[in-house]
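Going by numbering that gives the first Met the number 0, the sequence shown opens with residue 0, and the numbers climb by one from there.
A virtual CB, placed ideally from N, CA and C, is assigned to each residue, including glycine.
The structure displayed is predicted, hence computed values, not measured ones.
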Amino acid sequence: MGIVVQKYGGSSVANAEKFRRVARRIAWKRQQGHDVVVVVSAPGDTTDDLLDKAAELTKNPSAREMDVLLSTGEQISIALLAMALQEIGCPTVSLTGPQAGFQTDDHHRAAKIQHIDTKRVRQELAQGHVVIVAGFQGLDGNGDITTLGRGGSDASAIALAAYLEADACQIFTDVDGVYTSDPRLVPTAARLDEISYDEILELAAAGAQVMQLRSVEFAKQYGVEFEVLSSLAPLPSEGGIEKGTKVVAALSPNNNRVVSGVAVDSKVARITILSLPDRPGVAAKVFGALGKAKVNVDMIVQSAGVVAGGVPTADIAFTCARDDLDLALDVCQEVLTALSGTQLIYDIDVAKVSIVGSGVASNYGVAAKMFEALAERGVNIELITGSEIKISCLVRASQAVEAVRAVHDKFELGKTATGAEVK
Ligand code: ADP
Ligand code: ASP
Ligand code: MG
Numbered sequence: 000m001g002i003v004v005q006k007y008g009g010s011s012v013a014n015a016e017k018f019r020r021v022a023r024r025i026a027w028k029r030q031q032g033h034d035v036v037v038v039v040s041a042p043g044d045t046t047d048d049l050l051d052k053a054a055e056l057t058k059n060p061s062a063r064e065m066d067v068l069l070s071t072g073e074q075i076s077i078a079l080l081a082m083a084l085q086e087i088g089c090p091t092v093s094l095t096g097p098q099a100g101f102q103t104d105d106h107h108r109a110a111k112i113q114h115i116d117t118k119r120v121r122q123e124l125a126q127g128h129v130v131i132v133a134g135f136q137g138l139d140g141n142g143d144i145t146t147l148g149r150g151g152s153d154a155s156a157i158a159l160a161a162y163l164e165a166d167a168c169q170i171f172t173d174v175d176g177v178y179t180s181d182p183r184l185v186p187t188a189a190r191l192d193e194i195s196y197d198e199i200l201e202l203a204a205a206g207a208q209v210m211q212l213r214s215v216e217f218a219k220q221y222g223v224e225f226e227v228l229s230s231l232a233p234l235p236s237e238g239g240i241e242k243g244t245k246v247v248a249a250l251s252p253n254n255n256r257v258v259s260g261v262a263v264d265s266k267v268a269r270i271t272i273l274s275l276p277d278r279p280g281v282a283a284k285v286f287g288a289l290g291k292a293k294v295n296v297d298m299i300v301q302s303a304g305v306v307a308g309g310v311p312t313a314d315i316a317f318t319c320a321r322d323d324l325d326l327a328l329d330v331c332q333e334v335l336t337a338l339s340g341t342q343l344i345y346d347i348d349v350a351k352v353s354i355v356g357s358g359v360a361s362n363y364g365v366a367a368k369m370f371e372a373l374a375e376r377g378v379n380i381e382l383i384t385g386s387e388i389k390i391s392c393l394v395r396a397s398q399a400v401e402a403v404r405a406v407h408d409k410f411e412l413g414k415t416a417t418g419a420e421v422k
């Protein structure tokens with residue numbers, strides 16, 4: 000039988016008991032005759048703890064040294080998981096990302112996988128070993144260790160499945176699949192049996208933490224279908240069945256849902272630049288400068304122009320990741336001065352609520368229904384953007400959970416468990 004790549008997130012290996020449980024799940028898969036390659040994240044909150052440790056020493060750590068530090072979390076996991084497997088008689092070897100052949104660019108803390116040389120992994124499989132690989136890390140062209148951005152073990156697993164041409168890729172986490180919304184925020188959320196690359200891509204971009212955005216981009220690009228499952232579910236060796244959400248290129252033909260999920264992103268900030276000249280090339284200057292500084296901009300709105308003191312002017316507002324706020328403000332301040340705008344303001348008490356579904360653009364009234372749901376609960380919408388399969392509204396952070404629940408209820412997502420259907 001072929002290769003199966005499994006990935007276990009930090010919550011799945013948070014303590015010794017969980018390591019043992021994961022080991023039993025892996026051993027069972029091997030007993031079924033598969034070659035098993037496992038990608039594992041740092042235990043529990045280790046990555047956050049390492050970030051805190053760095054923050055105690057410096058406000059401005061070097062990205063290279065942060066990667067040296069952060070990559071140690073995953074190294075703890077591979078060694079412990081290998082020991083847990085060896086303890087139950089399963090031949091196993093652990094490999095760091097570089098040992099497993101992960102080559103990346105040199106963008107420390109958010110490196111992109113450029114290639115995986117799978118020779119060593121294949122050799123170990125040929126010797127009958129379960130291969131445990133540290134997620135979230137690789138080596139750049141200078142021979143320096145890099146990390147792949149928060150949640151990056153998902154990308155390690157998907158990429159490894161692509162390079163190994165694995166028969167299956169299983170992403171084990173602390174929920175048993177992709178839900179219509181974050182089950183921690185929306186208790187009525189329902190599990191989806193399947194979801195398309197495009198839908199999960201938009202959900203991830205909209206803030207649903209369940210899969211790292213870049214990992215899903217990779218899956219779509221390389222056609223890696225995968226399944227999201229719970230590591231906490233009963234073990235197959237004890238009668239449990241492996242059932243989660245299948246992430247597929249195209250939904251089954253009978254799946255005619257309009258909206259498949261609601262996501263919230265609370266880690267955003269809004270920046271507004273007031274009274275910029277209303278003439279061609281201004282938006283290009285603002286967003287060109289932000290792009291050059293590697294700030295990803297999300298929602299963008301330009302106000303209708305007004306004539307102030309004989310000069311036509313307009314305001315530009317946009318959102319970016321909260322982590323990028325300081326950098327974005329520096330860039331905007333320069334642009335403001337260069338273009339003689341009047342003021343720069345920002346707001347971090349905001350959150351973005353989005354509905355995602357393949358029928359969003361092709362069905363009448365979807366946007367109106369979302370806005371109605373928010374209005375009924377007294378939630379004010381501050382910015383709106385839309386795409387083929389997504390509508391996003393910026394709201395007050397304090398109303399974000401209320402807003403997600405309102406929209407989820409309005410589309411009756413919890414009821415159908417397959418997403419809202421065409422009415
Ligand atoms: P891991 O440590 O396994 O990588 P994460 O914490 O990164 O796990 O992702 C799993 C979490 O994603 C869940 O606990 C859940 O709260 C959150 N989540 C957000 N949106 C969704 C969704 N639509 N479906 C399932 N889980 C979601
Ligand atoms: N340990 C890393 C993080 O916490 C990578 C991962 O969990 O996927 O972001
Ligand atoms: Mg994760």
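Using the three-state DSSP reduction, which class does Asp-314 fall into: helix, strand or coil?
Start at 1 with the first residue of the sequence shown, and residue 314 comes out as number 315. It is a strand residue.
Exposed or buried, what is Ile-344 when buried is set at 16 or more other beta-carbons lying within 10 Å of its beta-carbon?
Within the sequence shown, the letter at position 345 stands for residue 344. That one is exposed.
Tell me the DSSP secondary structure of Gly-9 in three-state form.
Residue mapping note: residue 9 aligns to position 10 of the sequence shown, counting from 1. Helix at Gly-9.
How about Ser-391 and Asp-297: are their beta carbons less than 9 Å apart?
One-based indexing of the sequence shown puts residue 391 at position 392. One-based indexing of the sequence shown puts residue 297 at position 298. With a cutoff of 9 Å on beta-carbon distance, Ser-391 and Asp-297 are scored as near each other.
Compare the C-alpha of Lys-432 against each of Ala-262, Gly-309, Asp-325 and name the closest.
No statement about residue 432 is possible, as the shown extent of the chain runs from 0 to 422 and does not include it.
With a cut-off of 8 Å on the beta carbons, I'd call His-33 and Ile-2 a contact; round off their distance for me.
As a first step, residue 33 is located in the sequence shown; it is residue number 34 there, counting from the start. As a first step, residue 2 is located in the sequence shown; it is residue number 3 there, counting from the start. The pair is a contact, with the Cβ atoms about 7 Å apart (cut-off 8 Å).
What's the C-alpha gap between Ala-62 and Gly-340?
Position 63 of the sequence shown, counted from the start, is the residue given in the question as residue 62. Position 341 of the sequence shown, counted from the start, is the residue given in the question as residue 340. Distance from the CA atom of Ala-62 to the CA atom of Gly-340, rounded to whole angstroms, is 33 Å.
Taking 9 Å as the threshold (C-beta atoms), are Asp-348 and Ala-405 in contact?
What you label residue 405 is simply residue 406 of the sequence shown in a count that begins at 1. What you label residue 348 is simply residue 349 of the sequence shown in a count that begins at 1. No, Cβ-Cβ distance for Ala-405 and Asp-348 is not below 9 Å.
Apply the 10 Å Cβ neighbour rule to Lys-422 and answer buried if 16 or more other Cβ atoms are within range, or exposed otherwise.
To locate residue 422, count along the sequence shown from 1; it is residue 423. With a pLDDT of only 38 at Lys-422, under 50, the local geometry of the prediction cannot be trusted, and no value is derived from it.
Delimiting residues of the beta strand (DSSP E) encompassing Thr-172:
Taking the first residue of the sequence shown as 1, we reach residue 172 at position 173. Counting along the chain, Thr-172 sits inside the beta strand (DSSP E) bounded by residues 167-172.
Cα-Cα, which of Ala-203, Ala-248, Gln-31 is closest to Gln-220?
Reading the sequence shown from its first residue, position 221 is the one you call residue 220. It is Ala-248.
Nearest-angstrom Cα separation, counted from Lys-291 out to Gln-136
Your numbering for residue 136 matches position 137 in the sequence shown. Your numbering for residue 291 matches position 292 in the sequence shown. Going by the C-alpha atoms only, they are around 25 Å apart.
May I ask you to report which of helix, strand or coil DSSP gives Pro-276?
Here residue 276 corresponds to residue number 277 of the sequence shown, with the count starting at 1. The DSSP-derived three-state label of Pro-276 is strand.
Pair every Cβ in the region 134-148 with every Cβ in the region 235-253, then say whether three or more of these pairs are closer than 8 Å.
Fewer than three Cβ pairs drawn from the region 134-148 and the region 235-253 lie within less than 8 Å of each other, which leaves the two stretches out of contact.
Closer than 5 Å from C-beta to any heavy atom of the ligand ADP: which residues, in chain order?
Ordered along the chain, the selected set is Gly-8, Gly-9, Ser-10, Thr-172, Asp-173, Val-174, Val-177, Tyr-178, Asp-181, Arg-183, Ala-207, Gln-208, Val-209.
Taking DSSP as the reference, what is the three-state secondary structure of Asp-34?
Taking the sequence shown and counting its residues from 1, the one referred to as residue 34 is at position 35. Shown here, Asp-34 sits in a strand according to DSSP, grouped into three states.
Would you please state the rounded distance, in angstroms, between the beta carbons of Val-132 and Val-403? I believe it to be under 8 Å.
Looking up residue 132 in the sequence shown gives position 133. Looking up residue 403 in the sequence shown gives position 404. Between Val-132 and Val-403, the beta carbon gap of about 35 Å keeps them out of contact (Cβ cut-off 8 Å).
Could you please give me the residues that DSSP links to Gly-385 through a beta bridge?
Taking the first residue of the sequence shown as 1, we reach residue 385 at position 386. DSSP lists Ile-390 as partners of Gly-385.
Looking only at its chain, what residues have a beta carbon closer than 7 Å to the beta carbon of Ile-194, apart from the 5 residues adjacent to it on each side?
By one-based count along the sequence shown, residue 194 stands at place 195. The answer, listed in chain order, is Val-177, Thr-244, Val-246, Ser-259.
Closer than 8 Å by C-beta to His-106: which residues in its own chain qualify, once you throw out the five before and the five after it? Chain order, please.
Residue 106 sits at position 107 when you count from the first residue of the sequence shown. Around His-106, the same chain offers Thr-145 as residues with beta carbons nearer than 8 Å, after the five sequence neighbours per side are excluded.
State yes or no: is the C-beta of Ala-218 within less than 9 Å of the C-beta of Glu-224?
Here the question's residue 218 lines up with position 219 in the sequence shown. Here the question's residue 224 lines up with position 225 in the sequence shown. Their beta carbons are under 9 Å apart, which means Ala-218 touches Glu-224 by this criterion.
Contact test: Leu-69 Cβ vs the ligand ASP heavy atom, cutoff 8 Å:
Looking up residue 69 in the sequence shown gives position 70. At least one heavy atom of the ligand ASP is found less than 8 Å from the C-beta of Leu-69.
What first and last residue would you give for the alpha helix (DSSP H) that runs through Ser-76?
Taking the sequence shown and counting its residues from 1, one reaches residue 76 at position 77. Counting along the chain, the alpha helix (DSSP H) containing Ser-76 begins and ends at 62-86.
Cβ of Gly-150 within 8 Å of any heavy atom in the ligand MG?
Position 151 of the sequence shown, counting from 1, holds the residue named residue 150. Checking every heavy atom of the ligand MG against the Cβ of Gly-150, one is found closer than 8 Å.
Would you tell me roughly how many angstroms separate the C-alpha atoms of Lys-6 and Glu-16, rounded to the nearest one?
Here residue 6 corresponds to residue number 7 of the sequence shown, with the count starting at 1. Here residue 16 corresponds to residue number 17 of the sequence shown, with the count starting at 1. Between the alpha carbons of Lys-6 and Glu-16 lies a gap of roughly 18 Å.
If I'm right that Ile-380 touches Glu-201 with Cβ under 8 Å, what's the distance once you round it to whole angstroms?
The residue labelled residue 380 in the question sits at position 381 within the sequence shown. The residue labelled residue 201 in the question sits at position 202 within the sequence shown. Wrong, their Cβ atoms sit about 19 Å apart, outside the cutoff.
Out of curiosity, what's the CA-to-CA distance linking Val-355 and Leu-289?
In the sequence shown, counting from the first residue as 1, residue 355 sits at position 356. In the sequence shown, counting from the first residue as 1, residue 289 sits at position 290. Straight through space, the alpha carbons of Leu-289 and Val-355 are spaced by roughly 27 Å.
Is Ser-40 near the ligand ASP, judged by its Cβ being under 8 Å from some heavy atom?
Position 41 of the sequence shown, counting from 1, holds the residue named residue 40. Because some heavy atom of the ligand ASP lies under 8 Å away, the Cβ of Ser-40 counts as near it: yes.
Quick one: give me the first and last residue of the beta strand (DSSP E) that Lys-245 is part of.
Mapped onto the sequence shown, residue 245 falls at position 246. Following the DSSP letters along the chain, one finds Lys-245 inside the beta strand (DSSP E) bounded by residues 244-247.
Collapsed DSSP secondary structure at Gln-113 in the structure displayed
As a first step, residue 113 must be located in the sequence shown, where it is residue number 114. Strand.
Let me make sure I understand the geometry here. Which of Gln-208, Arg-269, Phe-18, Ala-372 has the alpha-carbon closest to that of Ser-152?
On the sequence shown, position 153 is the one that residue 152 refers to. With distances taken between CA atoms, Ser-152 lies nearest to Gln-208 out of Gln-208, Arg-269, Phe-18, Ala-372.
Between which two residues does the beta strand (DSSP E) containing Leu-138 stretch?
Within the sequence shown, numbered from 1, the residue matching residue 138 stands at position 139. Counting along the chain, Leu-138 sits inside the beta strand (DSSP E) bounded by residues 136-138.
Tell me which residues share the same chain as Glu-371 and place their Cβ nearer than 8 Å to its Cβ, disregarding the 5 neighbours each side in the sequence.
Here residue 371 refers to the residue found at position 372 when the sequence shown is read from its first residue. Sequence-distant Cβ neighbours of Glu-371 in its own chain, meaning closer than 8 Å and more than five residues away, are Lys-409.
Measure the Cβ-Cβ separation of Val-39 and Glu-86 and say whether it is below 9 Å.
Your numbering for residue 39 matches position 40 in the sequence shown. Your numbering for residue 86 matches position 87 in the sequence shown. Contact: no.
So, is Ser-70 buried or exposed, given that buried needs 16 or more other C-beta atoms within 10 angstroms?
For the purposes of this step, residue 70 is taken as the residue at position 71 of the sequence shown. In summary, Ser-70 is buried, with 16 or more beta-carbon neighbours lying within 10 Å of its beta-carbon over all protein chains present.
Of the listed residues Val-261, Asn-254, Leu-79, nearest to Ala-189 (C-alpha basis):
The residue given as residue 189 occupies position 190 in the sequence shown. Ranking the options by Cα distance to Ala-189, first place goes to Val-261.
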